[in-house]
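Colleague:
Residue numbers (the numbering used here): 1 to 982.
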């Protein structure tokens with residue numbers, strides 16, 4: 001063992017400070033973090049939860065994410081602000097170097113109207129305090145200086161104008177007036193005996209009472225006076241602290257430097273800031289003084305205890321300090337602990353010793369850390385690392401991977417180790433001996449022979465830890481699961497249960513004889529007799545990768561790679577779990593080893609140690625306030641009162657909010673939702689949320705924040721907004737549109753009704769015209785001349801004794817008359833009936849003209865003559881015209897050709913003759929003066945077609961074509977009818 005170990009150990013035992021001892025976790029905010037200046041004079045937390053600090057470059061407000069700075073550009077009368085005060089209306093008041101006052105209210109800073117008078121009155125004195133009563137009267141306390149011996153305080157009526165300014169003189173000898181937040185106005189006397197002065201506002205009278213201590217307060221002395229929660233007072237002048245009440249002095253203390261500020265915290269502790277750091281007293285009795293060592297030799301000007309019990313401190317030249325966890329202390333490389341990884345921890349007398357990977361050890365004193373080297377560092381292996389610390393019969397035995405030894409009476413003694421193989425772990429057995437774990441064996445300590453093996457382990461077996469239960473059964477944590485050793489036989493534990501095949505890292509036993517096993521990946525296994533239980537992340541454990549375990553009565557502490565879990569055993573398999581993380585005060589989340597020493601829990605992390613009082617660790621139950629700071633509508637900033645009448649296209653909202661919790665600043669978790677859109681809470685660590693294309697409707701946005709211990713805001717922030725329907729969906733427009741639509745429908749109905757009436761009238765007219773035309777057609781077909789000739793023909797057949805021909809002719813004539821009469825009744829008839837009537841007519845005319853012509857009727861076979869229907873009596877007039885005007889004047893045999901086809905849903909009927917032509921026929925008619933026959937059938941038919949076209953909006957046509965030979969002589973006439981069919 002190197003001699004430097006002995007030397008350092010002697011120094012440690014003599015309490016020589018090698019480095020600072022335990023530290024508080026301290027966060028420093030400076031200009032680089034956005035603070036207005038490193039020269040800061042005061043700090044407060046306002047009622048909303050924001051942290052304000054003031055200094056020589058203005059005022060800064062902190063929200064846990066960023067600082068917002070205020071200066072003369074924002075309304076401050078002077079950039080140097082000495083202190084701040086919040087009144088009952090949540091206005092923040094600022095006292096500047098010039099003596100002028102201002103206050104912050106709803107985002108703006110306002111200077112007092114009477115500032116000019118105030119500045120002239122104070123002159124070279126300085127303001128010590130401000131109080132604004134419920135009537136808005138401002139009371140200003142001042143302190144005299146070496147050049148100004150006046151004694152007064154000031155009263156400024158509501159409105160704070162020059163006309164409301166009142167200076168109240170006080171008796172000679174008074175030092176200054178202070179005004180506390182409870183509305184009491186009091187001050188101190190600078191005579192030889194400390195005297196407290198109270199001002200009775202209702203009586204407008206000053207009342208004094210002596211404290212009972214002889215002291216002459218020089219003008220240059222700094223004097224502090226504050227009232228405690230129990231009604232007693234704390235006064236300080238120069239370095240002295242006095243606690244007293246109306247009956248006299250209770251206790252006196254003295255600091256080692258001039259006192260600047262005194263503050264009683266939420267937990268009743270007393271914070272004293274001085275020109276040489278900070279002292280913390282446990283309570284009003286000013287006992288158990290603790291020094292915040294990182295702040296030694298620093299001028300600490302202001303102090304604030306926030307609602308989460310964090311401590312904020314301002315300094316001259318070092319900015320703003322924040323201590324989030326006042327119940328935790330730390331040992332790290334900053335205060336002398338080796339930077340090498342910690343491999344073991346244990347009690348070392350009244351102190352704690354931690355071993356490191358590099359073969360060094362750090363002895364942790366309350367106020368210092370001593371580092372010693374036990375094994376020189378080897379760059380090629382880790383054989384020199386410290387592995388265990390154990391107390392045996394007044395000795396503290398230290399084990400390494402190389403050797404073991406202890407220190408006694410300033411001399412180091414080696415302990416023989418079997419084959420110098422080193423020790424991985426050792427424990428104190430039930431019989432008071434030490435059981436050691438080698439790489440491949442279990443050993444036992446013999447004071448005479450040292451560490452000797454008692455059982456060799458299988459060569460393939462890698463064991464990491466060892467434990468002996470109350471029945472003297474040894475438990476081994478191996479890479480292949482759990483094994484037991486009863487000093488005779490090594491046995492795997494319950495191979496049928498796969499839980500015991502997990503790699504274990506630590507084992508312990510609770511008071512009810514249950515064995516607790518910390519595993520890597522399976523959480524904690526609890527074996528009580530034959531009953532096996534398991535606790536994992538699912539049941540609330542901080543992590544399933546467990547590194548260490550410590551049983552303390554009915555509480556089991558489990559260190560994992562994610563934090564520390566406290567399992568409180570309630571009985572009957574009932575337990576509760578509380579988890580602690582870095583955000584709750586741990587140095588880091590990885591907890592490698594746990595011990596209890598001097599009533600405190602000591603946690604070994606990779607590169608440091610966390611220490612806390614088990615009985616004084618309390619969750620942060622303060623629900624963080626949350627505020628909605630800005631609302632943007634379509635990227636335009638809007639006031640909250642402008643959100644209730646957003647148009648339908650103003651449906652993109654971006655909302656900025658902030659939750660004020662400083663213990664895990666910048667990592668606050670939020671939950672939010674828009675009632676009407678989100679059915680469940682949405683969780684996020686961001687302070688901005690956006691909603692796109694929000695449909696019209698009324699909504700409320702709700703957001704809450706969670707602090708580091710899982711407590712949510714008791715009063716979530718809420719804003720209401722309403723997106724209006726587009727104008728075409730509003731009730732007014734819908735009603736108007738309905739009225740207009742009804743009017744339009746009425747007009748359309750009226751127009752339609754009139755159109756129907758008109759159409760019906762026209763239809764009636766057309767029907768009448770059609771009926772007349774059809775009657776004319778009937779008459780034309782039943783022309784008296786035709787009838788006369790037909791009767792003559794019958795007579796002729798009878799006279800010539802041809803009764804058969806007369807009978808035949810008369811029969812056809814009767815049938816034709818019947819067809820004409822029957823077909824004139826319906827508006828349309830089957831094509832077959834029209835053809836039958838046409839055949840009868842042609843046969844009769846053929847008989848009349850003694851077979852002077854012949855005819856052919858061709859009907860396309862694709863035409864269904866039985867079902868195709870056409871208007872009656874449309875074809876016959878053109879056939880009649882062909883016979884009478886085309887063929888009757890022809891010397892040779894005439895021909896009539898009739899063709900019927902269907903093209904494009906139109907029935908095409910062609911009547912073609914080889915007669916004399918229209919021109920010759922007209923000449924003959926003119927010569928005979930139409931005496932022979934005047935055919936009106938074609939004109940009647942054309943009239944009928946015109947009426948049908950009008951009635952049915954159709955385009956039925958009749959085309960007459962004159963047929964000529966190559967030299968232009970008439971050779972006949974061709975008539976093309978485009979007829980409707982149904």
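By construction, the Cβ of each residue, glycine as well, lies at the ideal position given by its N, Cα and C atoms.
Thinking just about the alpha-carbon of each residue, which of 810, 817, 662 is nearest to the one in residue 64?
Modeller: Translated into positions along the chain shown, residue 64 becomes position 64. Checking every option, the nearest Cα to that of residue 64 belongs to 662.
Colleague: For a quick check, are the C-beta atoms of residue 157 and residue 163 less than 9 Å apart?
Modeller: Within the chain shown, numbered from 1, the residue matching residue 157 stands at position 157. Within the chain shown, numbered from 1, the residue matching residue 163 stands at position 163. Result yes, Cβ atoms of residue 157 and residue 163 sit closer than 9 Å.
Colleague: Can you find the residues in the same chain that come closer than 8 Å, C-beta to C-beta, to residue 256, ignoring five residues on each side of it along the sequence?
Modeller: For the purposes of this step, residue 256 is taken as the residue at position 256 of the chain shown. Only 239, 274, 276 meet the Cβ criterion.
Colleague: Where does residue 489 sit, in a helix, a strand or coil, going by DSSP?
Modeller: Translated into positions along the chain shown, residue 489 becomes position 489. In the structure shown, residue 489 sits in coil (DSSP, three-state: anything other than H, G, I, E or B).
Colleague: Could you name the residues of the same chain whose beta carbon sits closer than 8 Å to that of residue 596, not counting the 5 residues immediately before and after it, in chain order?
Modeller: Within the chain shown, residue 596 is the residue found at index 596, counting from 1. Excluding residues within five positions, the ones whose Cβ falls inside 8 Å are 550, 552, 602, 614.
Colleague: Can you tell me which of 84, 457, 441 puts its alpha carbon nearest to the alpha carbon of residue 451?
Modeller: Counting from 1 along the chain shown, the entry for residue 451 is found at position 451. Nearest C-alpha to residue 451: 441.
Colleague: Between which residues of its own chain and residue 402 is the CB-CB distance below 6 Å, once the five residues before and five after are set aside?
Modeller: Numbered from 1 along the chain shown, position 402 holds the residue referred to as residue 402. Once the five neighbours on either side are set aside, the close Cβ partners of residue 402 are 375, 383, 384, 422.
Colleague: Going along the chain, which unbroken runs of the alpha helix (DSSP H) with 4 or more residues stay wholly within the stretch 836-924?
Modeller: As far as the stretch 836-924 is concerned, its whole alpha helix (DSSP H) runs of at least 4 residues are 876-881.
Colleague: Return helix, strand or coil for residue 240, following the three-state DSSP convention.
Modeller: As a working mapping, residue 240 is identified with position 240 in the chain shown. Reduced to three states, the DSSP call for residue 240 is strand.
Colleague: How about the stretch 634-650 and the stretch 667-675: do they share at least three Cβ pairs that are nearer than 8 Å?
Modeller: Short answer: they don't touch.
Colleague: Could you check where the alpha helix (DSSP H) with residue 119 kicks off and where it finishes?
Modeller: As a position in the chain shown, residue 119 is number 119, starting the count at 1. Note, residue 119: alpha helix (DSSP H), 115-122.
Colleague: How is the beta strand (DSSP E) around residue 979 delimited, first residue to last?
Modeller: As a first step, residue 979 must be located in the chain shown, where it is residue number 979. Looking at the DSSP string, the run of the beta strand (DSSP E) that includes residue 979 is 970-979.
Colleague: Roughly how many whole angstroms lie between the Cα atoms of residue 490 and residue 606?
Modeller: Taking the first residue of the chain shown as 1, we reach residue 490 at position 490. Taking the first residue of the chain shown as 1, we reach residue 606 at position 606. If you take the alpha carbons of residue 490 and residue 606, they lie about 33 Å apart.
Colleague: Can you tell me whether DSSP reads residue 66 as helix, strand or coil?
Modeller: As a first step, residue 66 must be located in the chain shown, where it is residue number 66. Three-state DSSP puts residue 66 in coil, outside helix and strand.
Colleague: Pull up the DSSP beta-bridge partners for residue 613, would you.
Modeller: In the chain shown, the residue the question calls residue 613 occupies position 613. Residue 613 is bridged to 600.
Colleague: Let me know if residue 570 comes out buried or exposed under the rule of 16 or more other beta-carbons within 10 Å of its beta-carbon.
Modeller: The sequence position of residue 570 within the chain shown is 570, counting from 1. By the 10 Å Cβ count, residue 570 comes out exposed.
Colleague: Output needed for residue 500: all residues of its chain with C-beta closer than 7 Å, excluding positions within five of it in sequence on either side, in chain order.
Modeller: Reading the chain shown from its first residue, position 500 is the one you call residue 500. These residues qualify, in order along the chain: 481, 482, 493, 494.
Colleague: Take every Cβ of the stretch 330-346, pair it with every Cβ of the stretch 616-627, and state whether three or more of those distances are shorter than 8 Å.
Modeller: No: fewer than three Cβ pairs fall under 8 Å.
Colleague: Count the other CB atoms, across all protein chains shown, that sit within 10 Å of the CB of residue 760; report buried if there are 16 or more and exposed otherwise.
Modeller: Position 760 of the chain shown, counted from the start, is the residue given in the question as residue 760. Result: exposed.
Colleague: For the 8 Å Cβ check, are there 3 or more pairs between the stretch 92-104 and the stretch 697-714?
Modeller: The stretch 92-104, when compared against the stretch 697-714, does not touch it at the 8 Å Cβ threshold.
Colleague: Classify residue 728: buried if its beta carbon has 16 or more other beta carbons within 10 angstroms, exposed otherwise.
Modeller: Position 728 of the chain shown, counted from the first residue, corresponds to residue 728. Exposed, since its Cβ has fewer than 16 Cβ neighbours within 10 Å.
Colleague: Give me the Cβ distance between residue 898 and residue 858, rounded to the nearest whole Å; I'm assuming they're in contact under 8 Å.
Modeller: Numbered from 1 along the chain shown, position 898 holds the residue referred to as residue 898. Numbered from 1 along the chain shown, position 858 holds the residue referred to as residue 858. Indeed they touch by this definition, with Cβ atoms about 7 Å apart.
Colleague: Provide the residue(s) that pair with residue 465 in DSSP beta bridges, ordered along the chain.
Modeller: Counting from one through the chain shown, the residue named residue 465 turns up at place 465. Answer is 477.
Colleague: Could you tell me the boundaries of the beta strand (DSSP E) in which residue 126 lies?
Modeller: Here residue 126 refers to the residue found at position 126 when the chain shown is read from its first residue. 126-132 is the extent of the beta strand (DSSP E) around residue 126.
Colleague: When you compare each of 975, 653, 525 to residue 915 by their alpha carbons, which one comes out closest?
Modeller: Numbered from 1 along the chain shown, position 915 holds the residue referred to as residue 915. Closest option to residue 915, Cα to Cα, is 975.
Colleague: Once DSSP output is grouped into helix, strand and coil, what is the label at residue 139?
Modeller: Taking the first residue of the chain shown as position 1, residue 139 is located at position 139. Note: residue 139 maps to strand in three-state DSSP.
Colleague: Would the stretch 570-582 and the stretch 531-541 be scored as touching if the rule is three or more Cβ pairs under 8 Å?
Modeller: Cβ pair count under 8 Å is three or more, so yes.
Colleague: Spatial neighbours of residue 288 within its chain, please: C-beta separation below 6 Å, excluding the five flanking residues on both sides.
Modeller: Your numbering for residue 288 matches position 288 in the chain shown. The answer, listed in chain order, is 282.
Colleague: Starting from the Cα of residue 631, find the closest Cα among 586, 646, 625, 331 and give me that residue.
Modeller: Taking the chain shown and counting its residues from 1, the one referred to as residue 631 is at position 631. Of the listed residues, the one whose Cα sits closest to residue 631 is 646.
Colleague: State the CB to CB distance for the pair residue 141 and residue 84, rounded to an integer number of angstroms; the pair is presumed to be in contact (CB under 8 Å).
Modeller: By 1-based counting over the chain shown, the position of residue 141 is 141. By 1-based counting over the chain shown, the position of residue 84 is 84. That pair is no contact at about 14 Å.
Colleague: Less than 8 Å between the CB atoms is what I'm expecting for residue 504 and residue 515, so what's the real figure, rounded?
Modeller: The residue given as residue 504 occupies position 504 in the chain shown. The residue given as residue 515 occupies position 515 in the chain shown. No, residue 504 and residue 515 are not in contact; Cβ-Cβ is about 11 Å, not under 8 Å.
Colleague: Use the C-beta contact count for residue 468: other C-beta atoms within 10 angstroms, 16 or more gives buried, fewer gives exposed.
Modeller: Translated into positions along the chain shown, residue 468 becomes position 468. The residue is buried, with at least 16 neighbouring Cβ atoms inside 10 Å.
Colleague: For residue 920, which residues in the same chain have their Cβ closer than 7 Å to its Cβ, ignoring the five residues on either side in sequence?
Modeller: By 1-based counting over the chain shown, the position of residue 920 is 920. So the qualifying residues of the chain are 970.
Colleague: Spatial neighbours of residue 49 within its chain, please: CB distance less than 6 Å, with the 5 preceding and 5 following residues excluded, ordered by chain position.
Modeller: Here residue 49 is taken as the residue at index 49 of the chain shown, counted from 1. Answer for residue 49: 625, 660, listed in chain order.
Colleague: Using the beta-carbon count (16 or more within 10 Å), is residue 343 buried or exposed?
Modeller: Position 343 of the chain shown, counted from the start, is the residue given in the question as residue 343. With 16 or more other Cβ atoms within 10 Å, it is buried.
Colleague: So residue 578 is in the beta strand (DSSP E); what residue range does that whole segment cover?
Modeller: As a working mapping, residue 578 is identified with position 578 in the chain shown. Element bounds for residue 578: 574-580.
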